[in-house]
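> Below is a structure I'd like to ask you about.
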Amino acid sequence: MYTTKKTQGNTEWFVQDRFGLFIHFGLYALPARHEWIKQTDMIPEEKYEQYFKYFNPDMLDPRDWARQAKNAGMKYAILTTKHHEGFCLFDTKYTDYKITNTQYGKDLVKEYVDAFRAEGLKIGFYYSLLDWHHPDFTIDQFHPRRYDANAKELNEGRDMHRYAEYMRNQVRELLTNYGKIDIIWFDFSYSKNEQPRDWMKGKGKEDWEAEKLIALVRSLQPDIIINNRTEIEQDIVTPEQVGVEEWPKDKETGERLVWEACHTLSGSWGYYRDETSWKSPEMLISLLIKIVSRGGNLIMNVGPTSRGFFDYRAENALKTYGEWMKYNCKSIYNCTMADPEFTEPNGCRLTQSNDGKRLYIHLLDYPFSSVVVPGLGGKVDYVQFLHDGSELLFNDVPANSGDEAKTAVSIGLPILKPNVVVPVIEVFLKDR
Ligand code: GLC
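Position one of the sequence shown corresponds to residue 426 (this note's numbering), numbered consecutively onward.
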């Protein structure tokens with residue numbers, strides 16, 4: 426129904442699939458109080474070494490992760506192959522700071538790829554541009570050593586060119602050794618940030634040598650989707666933990682962009698034991714609906730525990746998605762923002778199938794006995810609840826003030842909200 430700005434990667438499957446799993450896993454699962462803990466607490470290297478020494482996810486079963494993602498209705502996944510701490514979840518030749526040198530001993534990226542592919546999910550790799558372990562990565566505002574008395578001296582001899590080459594070497598491994606990869610997700614740039622000390626400098630595309638990095642990615646995996654965080658716009662934009670009320674557009678040309686919002690279940694990305702800000706079932710479901718109703722994708726994050734399993738709160742959240750998607754996924758897959766000819770009633774969000782034939786009304790606030798949709802008058806063939814396929818009666822009515830130009834349809838509803846977190850009305854449109 427809509428055209429988006431043309432880019433090099435293949436986003437065709439992506440805009441149909443709509444829903445994915447983000448997985449943040451690394452040494453920070455052990456302290457279990459944020460994936461940035463090394464940075465926020467300025468943890469000395471020797472202390473952080475303990476997490477490497479004791480890293481042993483003895484209950485990790487990637488097939489179980491994949492099954493849970495699939496049951497939740499997710500169609501793709503993105504795993505942190507390396508986060509800002511620098512620890513690699515794959516068997517790389519370019520550092521010893523890798524999972525195969527821990528008690529766990531196995532290449533988790535390989536296990537993940539095999540397990541998720543077996544469940545039919547598309548495969549994504551997150552790769553951090555920041556690296557707080559690499560000896561060539563210069564100390565800046567985010568570095569754990571930024572306030573050390575000798576921070577400036579520590580920077581001497583560090584060489585970002587060597588680091589950029591290290592990244593290219595690792596990305597070459599990631600995109601050569603694991604078959605077809607569907608997404609690569611680089612994180613993140615901050616060249617414009619003000620720095621706390623005058624000799625410091627933020628980092629962006631120049632530092633990452635992003636042009637070369639991207640050219641390498643394209644040469645190894647021509648169809649792959651690349652995100653926008655190297656500071657060079659690519660296939661998708663990736664707003665983070667925010668409500669997006671409007672479909673993002675290219676600032677210069679005004680074209681719509683392919684976009685993916687990323688969100689957490691409880692605020693942090695890595696496993697955080699004591700966090701109490703877990704999203705409710707209503708929030709989880711409405712996030713997904715709101716994003717698709719503006720033409721976007723949602724990637725929801727789980728941070729596995731240091732023993733490798735999904736904490737019960739994460740499991741419950743995935744079950745919430747699974748239960749809702751089982752009955753309502755038709756309003757998500759292959760759907761997008763509804764045609765602007767239809768006005769969203771208060772407390773509702775609309776999506777429409779890509780072929781234009783079906784309109785979905787998501788009742789975020791369940792109304793009393795009826796819902797009126799301006800713009801639908803004369804265009805409806807048949808209406809039912811999506812979850813149980815039960816008929817809903819409707820008739821044309823005059824639209825409310827403000828929308829007089831449109832004829833509305835009033836759809837009758839049962840007084841009591843059905844037993845669905847967010848009920849969905851399925852409208853079959855005439856002559857489409
Ligand atoms: C932020 C954080 C990071 C997380 C990412 C996901 O950039 O630095 O911890 O991985 O968001 O979008």
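All residues carry an ideal CB built from backbone N, CA and C; glycine is no exception.
Excluding five sequence neighbours on each side, which residues of the same chain lie with their C-beta closer than 6 Å to the C-beta of residue 496?
Residues of the same chain with a CB within less than 6 Å of the CB of residue 496, apart from the 5 flanking positions on each side, are 747 in chain order.
> Have a look at residue 447 and residue 724 and give me their C-alpha separation to the nearest angstrom.
6 Å
> Could you check if residue 479 is buried or exposed, using at least 16 other CB atoms within 10 Å of its CB as the buried criterion?
exposed
> I need the DSSP call for residue 499, collapsed to helix, strand or coil.
coil
> Between residue 554 and residue 611, how many whole angstroms is the CB-CB distance? I'm expecting something under 8 Å.
5 Å
> Alpha carbon to alpha carbon, what distance is there between residue 686 and residue 652?
11 Å
> Taking 7 Å as the cut-off, does the CB of residue 665 come closer than this to any heavy atom belonging to the ligand GLC?
yes
> Could you tell me the distance, in whole angstroms, from the CA atom of residue 458 to the CA atom of residue 820?
54 Å
> Could you tell me whether the Cβ atoms of residue 502 and residue 549 are closer together than 8 Å?
yes
> Less than 7 Å between C-beta atoms, sequence neighbours within five positions excluded: which residues of the same chain meet that for residue 584?
561
> Three Cβ pairs or more, each shorter than 8 Å: is that satisfied between the region 599 to 607 and the region 639 to 647?
At 8 Å Cβ cutoff, the stretches touch.
> If you follow the beta strand (DSSP E) that residue 576 is part of, which residue opens it and which one closes it?
Residue 576 -> not in any beta strand (DSSP E); alpha helix (DSSP H) instead, spanning 576 to 580.
> Hey, quick one: how far does the beta strand (DSSP E) through residue 649 stretch, first residue to last?
Note, residue 649: premise wrong, no beta strand (DSSP E); not H, not E.
> Is residue 559 helix, strand or coil when you go by DSSP?
Residue 559: coil per DSSP, three-state reduction.
> So within the region 577 to 614, which uninterrupted alpha helix (DSSP H) runs reach at least 4 residues, ignoring any that extend past its ends?
585 to 599
> Quickly, what does DSSP pair residue 384 with across the bridge? List them, please.
A query on residue 384 cannot be resolved here, the shown segment of the chain reaching from 426 to 857 and no further.
> Examine the ligand GLC and report whether any of its heavy atoms sits within less than 7 Å of the Cβ of residue 687.
Correct: residue 687 has its Cβ closer than 7 Å to the ligand GLC.
> What residue does the beta strand (DSSP E) around residue 809 start on, and which one ends it?
805 to 810
> Does the Cβ of residue 840 have 16 or more other Cβ atoms within 10 Å, making it buried, or fewer, making it exposed?
exposed
> Are there 16 or more other CB atoms within 10 angstroms of the CB of residue 810, so buried, or fewer, so exposed?
buried
> Skipping 5 residues on each side, what residues in its chain have a beta carbon closer than 8 Å to that of residue 442?
500, 501, 547, 722 and 758
> Considering only their Cβ atoms, is the gap separating residue 822 from residue 834 smaller than 8 Å?
Their beta carbons are under 8 Å apart, which means residue 834 touches residue 822 by this criterion.
> Which ranges does the alpha helix (DSSP H) cover as unbroken runs of at least 4 residues, wholly within the region 508 to 545, from first to last along the chain?
Listed in chain order, the complete alpha helix (DSSP H) runs (minimum 4 residues) inside the region 508 to 545 are 533 to 543.
> Decide yes or no for the touch test of the region 710 to 720 against the region 454 to 474: beta carbon pairs closer than 8 Å, at least 3 of them.
Here the region 710 to 720 does not lie against the region 454 to 474, with fewer than 3 beta-carbon pairs under 8 Å apart.
> Among all the DSSP beta bridges, which residues are the ones paired with residue 832?
823
> Tell me the DSSP secondary structure of residue 777 in three-state form.
The answer is strand: DSSP assigns residue 777 an E or B state.
> Could you tell me the boundaries of the beta strand (DSSP E) in which residue 547 lies?
Judged by DSSP secondary structure, residue 547 falls within the beta strand (DSSP E) whose first and last residues are 547 to 553.
> Return yes when the C-beta of residue 812 is under 7 Å from any heavy atom of the ligand GLC, and no when it is not.
In this structure, the ligand GLC has no non-hydrogen atom nearer than 7 Å to the beta-carbon of residue 812.
> Is it the case that the CB of residue 558 approaches a heavy atom of the ligand GLC more closely than 7 Å?
no
> Return yes when the Cβ of residue 836 is within less than 8 Å of the Cβ of residue 795, no when it is not.
yes
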